[in-house]
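Residues 382 to 686 in my numbering are what the sequence shown lists, from first letter to last. Note that CB positions come from ideal geometry on N, CA and C, so glycine has one too. It should be emphasised that the depicted structure is a prediction, and the values quoted were computed from it without experimental measurement. Okay, so here's the structure we're looking at.
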Amino acid sequence: MRGDMSVVRLWLVQLLVNFLWSVMFFALRSPLAGLITLLMLDVLVFTYIIYAAARSSIAAWLFAPYFIWLLFATYLNGYVYRFNSSSVEVSRATAATTDKFTPNKSQVAMNYSIPQLRYADDVLMPAMSSETIEYHYGKHFQTYVDNLNRLVVGTPYEGMNVENIVLRAEEGPLFNNAAQVYNHALFFDELTPSQTPMPVRLEQRIIRDFGSVESFWERFSMAAASLFGSGWTWLVEDRDGELSIISTSNADTPLRYGYSPLLTIDVWEHAYYIDYRNRRAEFIKNFRNIIDWERVDNRLKKDVV
Ligand SMILES: [Fe+2]
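Printed below as a string of C-alpha cells:
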C-alpha cells in the first residue's frame, strides 16, 4: 500500500512539473526555463517508469509513449531556445529598431515587414530627395524584405528575428537579404529633418577615441568615399566600449564581427545616384546634415567615458 502511494505521489509531482513547463514555455515564453523544467520532467517520468516496472512491466510499458513524447518536446524546446533565444547580444538601439522585424512568437514566418519612416518622404531635401526615398526605401528596401520572406521559408531560420538570421546564416542569398534588411533599418532610422546638437555623452566618446568630432567626421567620410564598389561605412562600438570606423562590402554588417553599430551610411549607388549621380563625396557631405545624433547616442551600449 505504501508503495502504491509513492507511485501516486510521483505521478502527481510529474503532473505538477508538466503544468509548470506549460506555464514557463507558453505563458511566460521563456525557452530556457521551459527547457530546465522539461529536463526535470524527463527525469521524473523516467524514475516513475522504473518504479512502476518494479510492480508491473505492463504498466511501465504503457507510459513509454508518454516518455518518448516528452523527449521529443525536450528536443523542440531546446531547438527554440538555441535558435530563437533573445540572449544574442545586440545593441539596445539595434534591438529597438529591428523589433519591427521580429515575428510575433505566435506567428509563422512570412511576416517581416518594412518599418514606417519616422518622417515624411520630402523633408530630408536637399540632402535626400523624395524620389530617392521612394526608390531606396520604397523599392530597394522593400525588395530585400520581400526576398527575406521568400527565402527564409523552409530553412532552419524560419521564424527567427533578423539579427539572429544575420548572425547565424551562411553567406548566400538568405544572409545577403537579411543583412540588407538589418542595415537599411538602421540607416533609415537614424535620419531626421530637424537635426539637434550631438549629445554630450556621444561627443565625449568620439573625442576620446578620435581626438575631435571633426577628426572623426574626416575619417568617417574618407572611409565612405574610398569604399570600393557597394557597401556600408560604420561607426561602431566594440565590447569594451571603444569606438571605431569600419567599412563593409555589399550586404556585410559589423554585427557579424561582434561590433554594435552606432551610425551607418549606405554607399551603394542606389542610395545617392538619383540626387548626386556619381558624386558620392557630395552625398556623404550632405548626409551629415540629416543624422539624428540623439538616435546614434541611444545606440551606445557601454556607458563609459
Ligand atoms: Fe541601400
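Close beta carbons around residue i, own chain, < 8 Å, minus the five adjacent residues each side
i    : result
I672 : E571, L572, T573, Q576, L644
I431 : A441
L420 : T455
Per-residue DSSP class, three states only, for residue i
i    : result
P580 : coil
I439 : helix
L572 : strand
I495 : coil
T479 : Residue placement at T479 cannot be trusted, given a pLDDT of 43 that sits under 50; the coordinates are not used to answer.
Residue i versus the options, residue with shortest Cα-Cα distance
i    : options                : result
E650 : P635, G610, F668, N670 : G610
A632 : L548, R586, G415       : L548
M541 : L624, H517, A559, S596 : A559
R600 : R586, I626, Y516       : I626
L532 : L555, S510, E512, Y518 : L555
I646 : Y429, W450, F664       : F664
G622 : R582, D385, Y525       : R582
L452 : R390, F427, F406       : F427
V526 : I495, Y500, G519       : I495
T629 : Q561, L443, L420       : Q561
H521 : V534, V543, A566, V617 : A566
N670 : R390, A508, Y500       : A508
Buried/exposed call for residue i, threshold 16 Cβ in 10 Å
i    : result
N688 : The requested residue 688 does not occur in the structure, where the chain is confined to residues 382 to 686.
T418 : buried
T614 : buried
F591 : buried
N492 : exposed
F568 : buried
Y538 : buried
R586 : buried
Y653 : buried
Y563 : buried
P578 : exposed
A435 : exposed
S387 : exposed
Y429 : buried
G612 : buried
S602 : buried
P412 : buried
L443 : exposed
F407 : exposed
V389 : exposed
Contacting residues, own chain, Cβ-Cβ under 7 Å from residue i (five flanking each side not counted)
i    : result
R504 : As written in the sequence, residue 504 is Val, which differs from the Arg given in the question. P574, listed in sequence order.
E515 : D502
M329 : The structure shown does not extend to residue 329, since the chain is modelled only from 382 through 686, so no value can be given for it.
V394 : L425
E618 : L624, Y640, S641, L643, L681, K682, K683
A550 : Y538, F556, A559
T634 : V547, A560, Y563, N564
E675 : T577, P580
Q497 : none
R620 : G639
Same chain only: Cβ atoms within 6 Å of residue i, ignoring 5 sequence neighbours per side
i    : result
L416 : N458, G459, Y462
T475 : Low per-residue confidence applies at T475: pLDDT is 37, beneath 50, and the placement is therefore not dependable, though the value from the model is reported in the following sentence. Cβ neighbours of T475 beyond the five flanking positions: none.
D656 : S510, T513
Legend entry - Whole alpha helix (DSSP H) elements within the region 583 to 647, 4-residue minimum: 594 to 607
Inset, instruction - Check each residue's C-beta against every heavy atom of ligand 2 and list, in chain order, those closer than 6 Å. - result: With respect to small molecules bound, the structure shown includes ligand 1 and not ligand 2.
Legend entry - Contiguous alpha helix (DSSP H) assignments of at least 4 residues, all confined to the region 516 to 547: 523 to 532
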